[in-house]
Structure formats: C-alpha cells, structure tokens
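Protein chains: 2
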Amino acid sequence: MLGLLIGDVAERTGLTAPTIRYYESIGVLPRPFRSTTGYRRYSETTVEELRFIKKAQALGFSLDEIGEILKLSRAGRTPCSHVLDLAHRHLRAVDDRIQQLTRFRDQLATEIAKWDGQRQPTRQGLCQIIAGAEEHASPIIQLDLAPRKRASRRR
Amino acid sequence: MLGLLIGDVAERTGLTAPTIRYYESIGVLPRPFRSTTGYRRYSETTVEELRFIKKAQALGFSLDEIGEILKLSRAGRTPCSHVLDLAHRHLRAVDDRIQQLTRFRDQLATEIAKWDGQRQPTRQGLCQIIAGAEEHASPIIQLDLAPRKRASRRR
DNA sequence: ACAAACCCTCAAGCTGACTTGAGGGTCAAG
DNA sequence: CTTGACCCTCAAGTCAGCTTGAGGGTTTGT
Chain A
0 MLGLLIGDVA
10 ERTGLTAPTI
20 RYYESIGVLP
30 RPFRSTTGYR
40 RYSETTVEEL
50 RFIKKAQALG
60 FSLDEIGEIL
70 KLSRAGRTPC
80 SHVLDLAHRH
90 LRAVDDRIQQ
100 LTRFRDQLAT
110 EIAKWDGQRQ
120 PTRQGLCQII
130 AGAEEHASPI
140 IQLDLAPRKR
150 ASRRR
Chain B
0 MLGLLIGDVA
10 ERTGLTAPTI
20 RYYESIGVLP
30 RPFRSTTGYR
40 RYSETTVEEL
50 RFIKKAQALG
60 FSLDEIGEIL
70 KLSRAGRTPC
80 SHVLDLAHRH
90 LRAVDDRIQQ
100 LTRFRDQLAT
110 EIAKWDGQRQ
120 PTRQGLCQII
130 AGAEEHASPI
140 IQLDLAPRKR
150 ASRRR
C-alpha cells in the first residue's frame, strides 16, 4: 500500500489536515511522498512525529525548536552542543518559572483563604498580592524567546 | 501642575507611549484628563497602575483579567464572587502548571545530566524525554484561557 | 454515471498584545 | 519665528500557530 492519507494521519493524531499541511509548509514536517495524482502519502513515522510535536508543544517548546530537534533525530544524531545548550537554557527558564509560580501560588492561596474565611479582607487584596511580586526579566508566558525589545524612552 | 505627559509616564514605567494609549483603547486604563490642547495628563496613580499591569502580566494574567482587577481596586471594593471565582480558577491552574513543570524539569534535568556526563547518550535523547512525557489536556503556556477548540476529526 | 467524501493549492482571517506609519498639531528654546 | 521634540488620531502591520474559504480535482460506492 501507498501509505496513509492526510485524513488518516489527522484522525490518528487528533490534529486537522490543514494543520498537518501547515507544519509541512513551515518545514517542521518533511515533504511526504505523493501519489501519482498528488495526494500526500504518510507512514506511521509521521504519526509518531506528530504525537511528539504535540507533547513538545505542551511542554513549552516552539515549533521552530521542535523542528530543529526533529531534524536532528531524523539524522539519527545525538544532540549536538547547540541542542544541549538549548536544553540547558530551557532548564534554567523552567526553574525560574517554577520558583516564581510557587511564590505566586502561596501568596494567592493566602489571599484567597482570607477572602473565603472572613468577609472583611484587606483593602485591595488582589492588588497587594500582585503588586508585592518581584519584577521579572521576562514574562512567565514565554519559555525561551529572545527578549522583547522594550525601548526605554530617552529624551 | 497639570500632571505628567504620556512620555513622562512612559519613561517612569519602561513602557512606550503607544502602549499606554493602547491600554486606554482597550479599556484597561481609564481615559485621563486632557489639557486644553488635547494632551493626556496623568497622575502618579497611573504610573503605579502601569507597574502593576507589568507584574500581573509577568505572572500570567491577561490584559482582560488585569482590567477587571483594576476596575475593582479603583472602586476600592472587596473582590466580589466573580473575581473570587477567578482567583480560585487561577490557583488551580497555577497548581497544575507547577506540577507539570516540575515533572518536566526532572525529566529534562535527568536527560541533560546523561548528555553532560557520558558522551554516548541514548539514541534520540531529547526525543525520548519528550516522547515519554504524559499528554496534557492543555499546553503549559496558557494560564486560564478557554480551552482551544481542537476538533478531533470525526468522519 | 453520478454523488459523497475525500484530496489539492493559494489566500486571507483570527487572537493577543503590541508596534509602526502617515499626516498633522503644540510647545519651549534660541 | 522657526526648529525640534513632543503630542494627537487612525489605520495597518507583526508574530505564532493555526483556521477558513474559494475554487477545483479524485476516488469509492451504487
């Protein structure tokens, strides 16, 4: 048999066909074989790669990073120093985030407990809890992206 | 004195003037007083609110949520049940994320240690670590947003 | 032979949080 | 009274990661 149609792959992975084509278009997936009439034909390998992509995304990797990792693994190579470096930076970022989140969590939980228990909480409770947080170099929402240029206006 | 010009506020907060106008346009900041010639005039209160916004963002709150919180704090009111609810959901989301991140961190650290130590790591190291991760309902990157519709194709 | 259910490409739209550009007014210093 | 550094509005562009639509070919079943 020629292999799976894009719809079969979609079904097996829980993605949509357009999404799979999109991954191909940005180079995260390689171009698959085509039938004589131009239909994409996939193997189980692609299904596995797509599942991998979903997990890596859930873990905070960008499609760009995932693409790099996949390229390496397709070449059967062991992570080169570049990817090792990437991994180290990820680890630091994740550690920082866990710390920030944990601090935040405790403050939030304390504040909520106050609200829940007594009905006369400190004025502007939620404000104080966030206002008391330290300033961070980078937002939590981002893992590892290049620092946004944030021009501090000079006059 | 009439108050700070938008550029002064920008300088004090590290934001840009367009960003501050943008916050106003989406209702996160209230409309400030205007000079006779139409210039925005701000007080120190706005500077504090903007610093608050930055911190809340870094902690994963969306501008919409921040807007709600600020409105409440401006009214000097105690969190109503709606915001209390919001806070509870945040707490759960934060807990989940800490858990996911911690699991991920340990896997990543283990894998990195392998790579760093021996120079003959398991084939496709990074793949295995991510591939071995559990599937998550929602990506780590999101705090509290509505679950993205991710149509699992039915035929 | 025809319809349903696939497949194709290319282009445009979406969300959130901004940035950038065009076109034009204002204000303080020299 | 002009110059330069501000300010204004409104529209459009940016980025990531997709989704949606238009317009058209293919394959499978009856």
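Chains as they are written, first to last, in numbering that gives the first Met the number 0: chain A, 0 to 154; chain B, 0 to 154.
By construction, the Cβ of each residue, glycine as well, lies at the ideal position given by its N, Cα and C atoms.
From this set, B:T35, B:K70, B:D63, B:E64, which residue's C-alpha is nearest B:T45's C-alpha? Translated into the one-based positions of the second sequence, residue 45 of chain B becomes position 46. The residue with the shortest Cα to Cα distance from B:T45 is B:K70.
Round the Cβ separation of B:G2 and B:F51 to the nearest angstrom and send it over; I've been treating them as touching at under 8 Å. Indexing the second sequence from 1 puts residue 2 of chain B at position 3. Indexing the second sequence from 1 puts residue 51 of chain B at position 52. So it is not a contact: roughly 19 Å between Cβ atoms.
Anything in the segment 52-63 of chain B with a Cβ closer than 8 Å to a Cβ of chain A? List those residues in chain order, please. K53, K54, A55, Q56, A57, L58, G59, F60
What residues match up with A:R73 in a beta bridge as DSSP calls it? Position 74 of the first sequence holds residue 73 of chain A. DSSP output for A:R73 lists no bridge partner at all.
Give the secondary structure of B:R30 by DSSP, where H, G and I count as helix, E and B as strand, and everything else as coil. Numbered from 1 along the second sequence, position 31 holds the residue referred to as residue 30 of chain B. Three-state result, B:R30: coil.
Comparing alpha-carbon positions, which option in A:L4, A:L14, A:I111 lies nearest A:G37? Working through the first sequence from its first residue, we reach residue 37 of chain A at position 38. Nearest C-alpha to A:G37: A:L4.
From the DSSP output, which residues share a beta bridge with B:R39? Reading the second sequence from its first residue, position 40 is the one you call residue 39 of chain B. B:R33.
What would DSSP say about A:L14, mapped onto helix, strand or coil? Locating residue 14 of chain A in the first sequence gives position 15, where the first residue counts as 1. A:L14 falls in the coil class under three-state DSSP.
Which value, in whole angstroms, describes the spacing of the CA atoms of B:Y21 and A:E47? Here residue 21 of chain B refers to the residue found at position 22 of the second sequence. Here residue 47 of chain A refers to the residue found at position 48 of the first sequence. C-alpha separation (whole angstroms): 43 Å.
Short of 7 Å in beta carbon distance, which residues of its chain neighbour B:E23, apart from the five on each side in sequence? Order them along the chain. Position 24 of the second sequence, counted from the first residue, corresponds to residue 23 of chain B. The answer, listed in chain order, is R30.
Please classify A:E64 as buried or exposed, where buried requires at least 16 neighbouring CB atoms within 10 angstroms. Taking the first sequence and counting its residues from 1, one reaches residue 64 of chain A at position 65. That one is buried.
Out of A:A108, A:R91, A:L49, which one is the CA nearest neighbour of A:A9? By 1-based counting over the first sequence, the position of residue 9 of chain A is 10. For A:A9, the nearest C-alpha among the options comes from A:L49.
Do A:R104 and B:L90 count as a contact pair if the criterion is CB distance below 8 Å? To locate residue 90 of chain B, count along the second sequence from 1; it is residue 91. To locate residue 104 of chain A, count along the first sequence from 1; it is residue 105. Yes, these two residues count as a Cβ contact at 8 Å.
So A:D84 contacts chain B; which residues on that side make the cut at Cβ distance below 7 Å? Residue numbering aside, residue 84 of chain A sits at position 85 when the first sequence is read from its first letter. Per Cβ cutoff of 7 Å: no residues; A:D84 is ~10 Å from chain B at best.
Using the beta-carbon of each residue, which ones in chain B are nearer than 8 Å to A:R104? Position 105 of the first sequence holds residue 104 of chain A. Think of a sphere of 8 Å around the beta carbon of A:R104: the chain B residues whose beta carbon falls inside it are L90, V93, D94, I97, in chain order.
Run through DSSP, which three-state label would B:L4 get? Position 5 of the second sequence, counted from the start, is the residue given in the question as residue 4 of chain B. DSSP places B:L4 outside both helix and strand once states are collapsed to three, so it counts as coil.
Under 7 Å from the C-beta of A:T101: neighbouring residues of chain B: Against the first sequence, residue 101 of chain A aligns to sequence position 102. Here the neighbours are I97.
Proximity to B:D95 [Cα-Cα], best of A:I19, A:A57, A:T109: One-based indexing of the second sequence puts residue 95 of chain B at position 96. The candidate whose alpha carbon is nearest that of B:D95 is A:A57.
Reference A:T109; option with closest CA among B:Y41, B:I68, B:H87, B:L28: Translated into the one-based positions of the first sequence, residue 109 of chain A becomes position 110. Checked all of B:Y41, B:I68, B:H87, B:L28; the closest Cα to A:T109 is B:H87.
Is the CB of A:I111 under 8 Å away from at least one CB in chain B? To locate residue 111 of chain A, count along the first sequence from 1; it is residue 112. Interface residue, yes.
Keeping to the same chain, check which residues put their C-beta closer than 6 Å to that of A:L62; ignore five residues upstream and five downstream. Here residue 62 of chain A is taken as the residue at index 63 of the first sequence, counted from 1. The residues are V27.
Can you pull the chain B neighbours of A:A74, defined as C-beta to C-beta under 9 Å? Position 75 of the first sequence, counting from 1, holds the residue named residue 74 of chain A. Those within 9 Å of A:A74 in chain B number zero; the least Cβ separation is about 10 Å.
What would DSSP say about A:I25, mapped onto helix, strand or coil? Residue 25 of chain A sits at position 26 when you count from the first residue of the first sequence. Coil.
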